[in-house]
Amino acid sequence: MFSYCTDPSSLEGLTWLSCYLTTGKHMGLYVSVVVVLVLLAITAPVALAFGFAGASAARSRIWPIAWLGKGYTSIVRGVPDIAFFLFFVIALDQGFEWLRHQVFCPDWEHPIRQGNDFVVCTAAKLPLSNAPQWVHETYGFFLAVLTFAIVFGAFAANVLFGAMRAVPRAQMETAEAYGMSERQAFWRVLVPQMWVYALPGLSNLWMILIKATPLLFLLGVEDIVYWARELGGTKNARFTDYPHGDWRMWYFMALMVFYLCFTRVSEIVLDRIMAKLTHGQATAAGEAQRKAAT
Amino acid sequence: MSCLETIADYSLRSIGIGERLLPREDFTLCQQFTLIGSGMLWNIYFGVLALCAGFFLAVSVAVGKASHIKAIRKPAEWFIFVFRGSPLFVQFFFAYFLFLSLKQSVPFFSPLTSAWLGALVVLFLNTAAYSGEIFYGALQSVPKGDLEAADAYGLTGWARFRRVTFPTMLRLAWPAYTNEAIFLFHATTLVFFSGFPTLKQQGDALYYASYFADKTFNPFVPYPILAFYFILLTLTVIAGFGLINRRLNRHLPHTRRKKLKIRPQIIR
Amino acid sequence: MKHLLLGAAALAVTASMALAGGHSVVRMGTEGAYEPWNFINDAGEIDGFERELGDELCKRAELTCEWVKNDWDSIIPNLVSGNYDTIIAGMSITAERDEVIDFTQPYTPPDPSAYVALDAGLDVEGAVIAAQATTIQAGFIAEKGWTLIEFATPEETVAAVRNGEADAVLADKSFLDTVAGTDGLVMLDRMEAIGGGVGMGLRESDAELRAKFDAAITSMKEDGTLNALIAKWEVASQF
Chain A
1 MFSYCTDPSS
11 LEGLTWLSCY
21 LTTGKHMGLY
31 VSVVVVLVLL
41 AITAPVALAF
51 GFAGASAARS
61 RIWPIAWLGK
71 GYTSIVRGVP
81 DIAFFLFFVI
91 ALDQGFEWLR
101 HQVFCPDWEH
111 PIRQGNDFVV
121 CTAAKLPLSN
131 APQWVHETYG
141 FFLAVLTFAI
151 VFGAFAANVL
161 FGAMRAVPRA
171 QMETAEAYGM
181 SERQAFWRVL
191 VPQMWVYALP
201 GLSNLWMILI
211 KATPLLFLLG
221 VEDIVYWARE
231 LGGTKNARFT
241 DYPHGDWRMW
251 YFMALMVFYL
261 CFTRVSEIVL
271 DRIMAKLTHG
281 QATAAGEAQR
291 KAAT
Chain S
1 MSCLETIADY
11 SLRSIGIGER
21 LLPREDFTLC
31 QQFTLIGSGM
41 LWNIYFGVLA
51 LCAGFFLAVS
61 VAVGKASHIK
71 AIRKPAEWFI
81 FVFRGSPLFV
91 QFFFAYFLFL
101 SLKQSVPFFS
111 PLTSAWLGAL
121 VVLFLNTAAY
131 SGEIFYGALQ
141 SVPKGDLEAA
151 DAYGLTGWAR
161 FRRVTFPTML
171 RLAWPAYTNE
181 AIFLFHATTL
191 VFFSGFPTLK
201 QQGDALYYAS
211 YFADKTFNPF
221 VPYPILAFYF
231 ILLTLTVIAG
241 FGLINRRLNR
251 HLPHTRRKKL
261 KIRPQIIR
Chain U
1 MKHLLLGAAA
11 LAVTASMALA
21 GGHSVVRMGT
31 EGAYEPWNFI
41 NDAGEIDGFE
51 RELGDELCKR
61 AELTCEWVKN
71 DWDSIIPNLV
81 SGNYDTIIAG
91 MSITAERDEV
101 IDFTQPYTPP
111 DPSAYVALDA
121 GLDVEGAVIA
131 AQATTIQAGF
141 IAEKGWTLIE
151 FATPEETVAA
161 VRNGEADAVL
171 ADKSFLDTVA
181 GTDGLVMLDR
191 MEAIGGGVGM
201 GLRESDAELR
211 AKFDAAITSM
221 KEDGTLNALI
231 AKWEVASQF
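Chains as they are written, first to last, in UniProt numbering: chain A, 1 to 294; chain S, 1 to 268; chain U, 1 to 239.
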């Protein structure tokens with residue numbers, strides 16, 4: 001990175017450190033931090049959408065749909081998320097390839113499962129095996145987002161389901177009295193009002209989501225945990241210009257600090273949003289705000 | 001080999017009793033069920049002990065955080081913040097490496113680097129922080145009337161805490177605490193997946209599930225088995241905590257007794 | 001699934017007209033944590049004996065190759081489910097693995113596994129031995145009934161000996177050569193002859209690609225470049 005970094009063995013102290021922290025390998029670590037942030041930014045709305053769908057399904061009058069919605073939330077909630085991460089990704093990947101295989105290669109005569117091998121025709125491979133590396137990476141990232149969204153969507157569904165029920169019944173009755181159809185009442189009365197009830201649960205969920213990101217490395221995305229382990233391990237002078245001992249403790253301490261800062265900032269921001277949302281609401285907190293102001 | 005033999009050989013494999021070698025062929029359903037079930041012993045061990053020990057620390061931390069004395073409040077707040085603000089996964093890694101370096105200077109700490117103790121300590125502190133926050137919230141919502149009534153009866157200090165504040169706090173916190181317990185049990189699966197190494201192939205349910213997934217190249221059997229066991233465990237926890245909840249609320253008239261609801265707002 | 005972000009360097013080889021069994025690009029899976037076989041260099045790229053060997057093999061077989069990093073414990077499942085096309089990660093050829101995947105001919109002769117410990121007079125049979133999970137060495141210790149302690153990466157197995165978690169580590173001799181002599185670690189005299197040579201792993205349904213790599217390895221053996229490469233990286237004895 002810096003011009004004086006050509007011979008690290010002659011450097012000392014801070015100059016050495018500045019070179020060490022800017023090697024290509026460390027860039028990998030910094031990129032992975034960005035990847036985690038991007039993943040969070042994409043996963044959160046997708047999980048919310050999953051949650052919304054799940055909660056609406058669970059409220060449905062048609063019992064198979066309600067059953068599906070409830071089953072989705074309770075099964076995902078009952079099982080450790082790590083178990084899902086370990087097998088969802090392979091399952092999703094093979095599922096997609098199987099579907100594409102049915103569409104693109106209807107006249108393929110070999111079996112898809114040849115012993116241990118999972119073989120689909122070349123056109124059905126996801127991504128195509130001649131695709132450039134970044135496509136593979138993006139696809140892996142996409143699978144990770146989807147897995148996270150499915151798991152955290154179940155939690156979000158639970159929160160939203162509770163929030164929908166927390167909206168006073170009278171509000172819905174009034175809407176019906178005004179002649180709104182069920183669908184209209186749902187979208188115009190229930191949904192706008194439920195957020196204030198949902199926010200505490202959702203912000204809690206956001207914190208959990210942040211804290212679940214180290215599990216990314218189970219999904220095959222090279223994340224901060226991977227790099228902290230790789231970079232922190234003892235380095236032998238034969239293979240690197242920056243030999244050092246076992247520094248894994250320090251790398252993981254840095255990770256702890258990173259996460260603590262991240263959750264702290266989130267907490268502050270979410271508190272502000274909550275204060276904004278409760279403003280003028282007929283809830284205890286809204287009442288307290290009103291009293292404090294007068 | 002019949003299934004009964006398999007159960008005899010492998011049902012206690014995770015704690016080192018029975019057949020030494022893990023199955024290397026067949027990988028029948030029976031083998032998978034037995035061995036993954038055997039691994040559940042570790043999950044239960046970690047969960048139960050961390051929960052029991054953590055309960056007492058959690059109550060102290062909650063009382064500490066509610067204290068008016070800054071010297072007591074600040075450490076409690078920081079304790080909760082550090083353990084709730086960072087991922088358990090990273091805590092495991094960090095703790096393992098920390099214990100390793102502690103061990104090098106003070107040999108007294110050497111058992112801490114094995115999972116049975118080191119991971120237990122991390123889980124204990126972690127659950128204490130989470131439940132501490134739950135209890136603190138409950139402590140804040142103890143009805144004023146209860147405390148005034150206690151004053152009227154001349155109860156003060158420890159007697160007031162033990163007979164009025166604490167039982168009410170527990171009652172209020174119980175649904176959220178049930179959630180915490182469920183999540184703690186789920187979190188035990190991380191033990192052998194992060195820093196802590198597996199000794200003599202004695203691991204938890206997830207360790208054996210991934211062993212089978214690795215050997216059979218088929219994740220569709222062992223992980224659902226693992227899920228099945230955990231759903232069973234979750235139901236047991238809910239039932240057990242429900243019983244305690246009934247006892248906590250036994251003085252209330254039937255109509256006012258609320259059934260234990262697993263409220264989603266307060267998951268960790 | 002574990003196609004890992006970053007680190008995979010595309011290799012522009014000769015305009016690849018030859019498509020091996022439908023492979024216009026051959027994806028090479030490796031671990032990147034096993035010096036001197038394969039590791040990540042300071043620039044964050046895959047480097048080592050197998051990087052050089054793989055590049056040369058692809059050139060000779062007229063294939064376009066791309067490198068992919070993957071954790072060791074899921075390296076076979078991900079090959080089988082088609083996330084990359086070859087494993088080139090210091091993997092010994094064993095009967096157990098051969099049932100699941102296919103191997104090319106070995107590109108290093110079978111070498112013994114060695115122990116590294118802090119105490120040269122250690123009796124391994126009563127000791128706690130560290131090994132990387134799902135390696136032939138881990139299987140060997142489990143089979144012998146000695147006390148096995150497993151870690152996910154090779155680096156961690158050595159760290160375990162350094163800090164007293166384990167009494168000794170059992171691994172390929174060439175890997176342990178890189179650490180013996182540092183931090184008071186010594187190599188024991190006792191060696192274990194386990195495993196065949198190291199070969200490249202491929203899916204069983206990929207016979208055509210395997211034939212190409214086999215031919216390339218043969219040609220490298222014949223003109224001595226393979227021996228030169230082995231000598232350069234000190235990974236094994238020579239053919």
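Ideal Cβ positions, reconstructed from N, Cα and C, are used throughout, including at glycine.
Can you tell me where the alpha helix (DSSP H) with residue i in it begins and where it stops?
i, result
"Ala61 of chain U", "Ala61 of chain U -> no alpha helix (DSSP H), and no H or E assigned at all."
"Thr234 of chain S", "Pro222 to Leu248"
"Leu188 of chain U", "Careful: Leu188 of chain U lies outside any alpha helix (DSSP H), inside the beta strand (DSSP E) at Val186 to Glu192."
"Val103 of chain A", "Asp81 to Phe104"
Determine, using beta carbons only, whether residue i and residue j come nearer to each other than 7 Å.
i, j, result
"Leu255 of chain A", "Val90 of chain S", "yes"
"Val159 of chain A", "Ala212 of chain A", "no"
"Glu150 of chain U", "Ala142 of chain U", "no"
"Met200 of chain U", "Thr30 of chain U", "no"
"Tyr45 of chain S", "Phe196 of chain S", "no"
"Leu68 of chain A", "Ala83 of chain A", "no"
"Arg20 of chain S", "Ser38 of chain S", "no"
"Leu112 of chain S", "Phe99 of chain S", "yes"
"Thr43 of chain A", "Val145 of chain A", "yes"
Do we get a CB-CB distance below 7 Å when we pair residue i with the residues of chain S?
i, result
"Ile149 of chain U", "yes"
"Arg248 of chain A", "yes"
"Pro214 of chain A", "yes"
"Thr23 of chain A", "no"
"Gly21 of chain U", "A caution first: Gly21 of chain U carries a pLDDT of 45, below 50, which makes its placement in the model unreliable, though a value can still be read off. It does not: the Cβ of Gly21 of chain U has no partner Cβ on chain S nearer than 7 Å."
"Ala184 of chain U", "In the sequence on display, residue 184 of chain U carries Gly and not Ala. No, its Cβ sits nowhere closer than 7 Å to a Cβ of chain S."
"Gly145 of chain U", "yes"
Quick test of your reading: residue i and residue j, contact by CB under 8 Å. State the CB separation rounded to the nearest angstrom.
i, j, result
"Pro110 of chain U", "Tyr34 of chain U", "Contact doesn't hold; Cβ gap of about 17 Å is too wide."
"Tyr10 of chain S", "Ala66 of chain S", "The pair is not a contact, with the Cβ atoms about 49 Å apart (cut-off 8 Å)."
"residue 251 of chain U", "Ala117 of chain U", "For residue 251 of chain U there is no data in the structure shown, the boundaries of chain U being 1 and 239."
"Val89 of chain A", "Ile224 of chain A", "The Cβ separation is near 19 Å, so there is no contact."
"Gly196 of chain U", "Thr94 of chain U", "7 Å"
Does any C-beta atom of chain A lie closer than 7 Å to the C-beta of residue i?
i, result
"residue 273 of chain S", "Absent from the structure is residue 273 of chain S, since the part of chain S shown begins at 1 and ends at 268."
"Leu226 of chain S", "yes"
"Thr189 of chain S", "yes"
"Leu237 of chain U", "The residue asked about is misnamed: residue 237 of chain U is Ser in this sequence, not Leu. It does not: the Cβ of Ser237 of chain U has no partner Cβ on chain A nearer than 7 Å."
"Thr234 of chain S", "yes"
"Ala15 of chain U", "In this predicted model, Ala15 of chain U has a pLDDT of only 30, less than 50, meaning its place in the structure is not dependable; the value taken from the coordinates is given anyway. Taking Cβ atoms only, chain A never reaches closer than 7 Å to Ala15 of chain U, which makes this a no."
"Ser92 of chain U", "no"
Is any beta-carbon of chain U found at less than 7 Å from that of residue i?
i, result
"Phe239 of chain A", "yes"
"Gly28 of chain A", "yes"
"Val36 of chain A", "no"
"Leu206 of chain S", "no"
"Leu112 of chain S", "no"
"Pro167 of chain S", "no"
"Leu199 of chain S", "yes"
"Gly16 of chain S", "no"
For the beta strand (DSSP E) holding residue i, just list the boundary residues, first then last.
i, result
"Ile40 of chain U", "Asn38 to Ile40"
"Glu150 of chain U", "Thr147 to Phe151"
"Met28 of chain U", "Val25 to Thr30"
"Leu170 of chain U", "Ala168 to Asp172"
"Gln132 of chain U", "Val128 to Gln132"
**Message:** Beta carbons nearer than 9 Å to chain U: which residues of the segment 62-78 of chain A have them?
**Reply:** Correct list: empty, as no residue qualifies.
**Prompt:** If contact means a Cβ-Cβ distance below 9 Å, which residues of the segment 160-179 of chain U contact chain S?
**Reply:** Residues of the segment 160-179 of chain U that bring their beta carbon within less than 9 Å of a beta carbon in chain S comprise Ala160, Asn163, Gly164, Glu165 and Ala166, in sequence order.
**Request:** For the segment 71-86 of chain U, enumerate the residues whose C-beta is nearer than 9 Å to any C-beta of chain S, in chain order.
**Result:** Residues Asp73, Ser74, Ile76, Pro77, Val80 and Ser81.
**Item:** Positions along the segment 68-91 of chain S whose CB lies within less than 9 Å of some CB in chain A
**Value:** Flagged, chain order: Phe81, Val82, Arg84, Gly85, Ser86, Pro87, Leu88, Phe89, Val90 and Gln91.
**Prompt:** What residues in the segment 91-104 of chain S have a beta carbon less than 9 Å from any beta carbon of chain U?
**Reply:** Within the segment 91-104 of chain S, those residues whose Cβ lies closer than 9 Å to any Cβ of chain U are, in chain order, Leu100, Ser101, Lys103 and Gln104.
**Asked** Listed from N- to C-terminal order along the chain, which residues in the segment 211-222 of chain S have their beta-carbon within a distance smaller than 9 Å of any beta-carbon of chain A?
**Response** The residues in question are Ala213, Thr216, Phe217, Asn218, Pro219, Phe220 and Pro222.
**Residues within the segment 242-272 of chain A neighbouring chain S, beta-carbon criterion of under 7 Å** = Listed by position along the chain: Arg248, Met249, Phe252, Met253, Leu255, Met256, Tyr259, Leu260, Thr263 and Arg264.
**Asked** What residues in the segment 80-93 of chain A bring their beta carbon closer than 7 Å to a beta carbon of chain U?
**Response** Only Val89, Ile90 and Asp93 from the segment 80-93 of chain A bring a Cβ to less than 7 Å from some Cβ of chain U.
**Message:** If the cut-off is 9 Å on Cβ atoms, which residues from the segment 23-46 of chain U count as contacting chain A, listed in chain order?
**Reply:** Shown in chain order are the members of the segment 23-46 of chain U whose Cβ falls below 9 Å from a Cβ of chain A: His23, Ser24, Val25, Val26, Arg27, Gly32, Ala33, Glu35, Pro36, Phe39, Ile40, Asn41, Asp42, Ala43, Gly44 and Glu45.
**Prompt:** Relative to chain S, which residues along the segment 90-114 of chain U have a C-beta separation below 9 Å, given in chain order?
**Reply:** Listed by position, the residues of the segment 90-114 of chain U near chain S (Cβ gap below 9 Å) are Glu96 and Val100.
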